[in-house]
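A short write-up of the structure that comes next.
In my numbering, the protein residues as written are 185 to 476.
Written as structure tokens, this is what we have:
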């Protein structure tokens, strides 16, 4: 066993021995870190879910990155998740952490894929993640219609389909045809012909998505303003201080100012969220899209 393999085995064995947290304990640790910056609670939370990070890191070994590096990136994603996790939203930490872990690993893979470093604009990123898939779809459609597309026609159709300039398509086509790594290479016999490009996700915002998101945010803002108006002055004050400040205040500091216990402030905060949720759900069925 090599030194690297031994280290991977040691990390995995340590993670597998970590405690399994029930929902109540997980919530207590999350509150302790968010409200009091209890580092012991943070360490316990991260340690308990390191097995999840290692498991997800293993799924990206096929991209050629060292497993130790993938585990390190997964751990960084896990720590970001713990720092940003809001226990009041009623979501299990593992569900929330998966997205941060995956994003951290994917960013690492992309940063270390030489071809990707040459393409950083929005259109280039969109092409990198979509070009070969779109090309395959166009080829299948043309074949079923008894047509044959030359290279120029194919690039023009890709440009129109993805919504990027033709010269970007021509440039990316050259890059993807280079020797770095073929995104159209079949992964393995077990994957039944699945190509590498199929494992990559386009995370860039498309024009239609931007417009839709802008509309949704404006609508949600109106709903929130209306819901906030139904709270008492004290409830509004607590939510503003806890959720709308650049540096949210702790339950303890609010308790001192309001002459209440820390637990009572937390209860008022939770009750305010409950009232807002009920108000929001009463305003429109569409709000479920944001609350669930």
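Each residue gets a CB set at the ideal place from its N, CA and C atoms; glycine is no exception. Remember, predicted model here, so these are calculated numbers, not experimental data.
Check, Outcome
"In the DSSP assignment, find the alpha helix (DSSP H) that holds residue 434 and state where it starts and stops.", "Segment: none, residue 434 is in no alpha helix (DSSP H) and carries neither H nor E."
"Got a sec, what are the start and stop residues for the alpha helix (DSSP H) residue 215 sits in?", "207–220"
"May I ask which residues mark the beginning and end of the alpha helix (DSSP H) holding residue 239?", "234–242"
"By a C-beta neighbour count over all protein chains shown, 10 Å radius and 16 as the cutoff for buried, is residue 288 buried or exposed?", "buried"
"Assuming contact is defined by CB atoms lying nearer than 9 Å, are residue 452 and residue 422 in contact in what I supplied?", "yes"
"Straight-line CA distance for residue 410 to residue 234?", "41 Å"
"Could you tell me the alpha carbon to alpha carbon distance between residue 218 and residue 270, rounded to whole angstroms?", "8 Å"
"Answer yes if the stretch 234–253 comes into contact with the stretch 207–217, meaning at least three C-beta pairs across the two stretches below 8 Å, and no otherwise.", "no"
"Can you give me the start and stop residues for the alpha helix (DSSP H) that residue 343 sits inside?", "335–346"
"Examine the Cβ distances between the stretch 260–279 and the stretch 212–227 and report whether three or more of them are shorter than 8 Å.", "yes"
"Smallest Cα separation from residue 335: which of 347, 314 and 358?", "358"
"By the 10 Å Cβ neighbour count, where 16 or more other Cβ atoms means buried, how is residue 257 classified, buried or exposed?", "buried"
"Less than 9 Å separating the beta-carbons of residue 415 and residue 459?", "yes"
"Could you have a look at residue 391 and say whether DSSP puts it in helix, strand or coil?", "Note that residue 391 scores a pLDDT of 49, beneath 50, so its modelled location is shaky; the value from the coordinates is reported in the next line. The answer is helix: DSSP assigns residue 391 an H, G or I state."
"Considering only the alpha carbon of each residue, which of 419, 448, 262 and 315 lies closest to residue 241?", "262"
"Measuring CA to CA, which of 457, 431 and 325 is closest to residue 221?", "431"
"Check residue 271 in the structure and name its three-state DSSP category.", "helix"
"Label residue 292 either buried or exposed according to how many other C-beta atoms from any shown protein chain fall within 10 Å of its C-beta, with 16 as the threshold for buried.", "buried"
"What is the DSSP secondary structure of residue 231, reduced to helix, strand or coil?", "helix"
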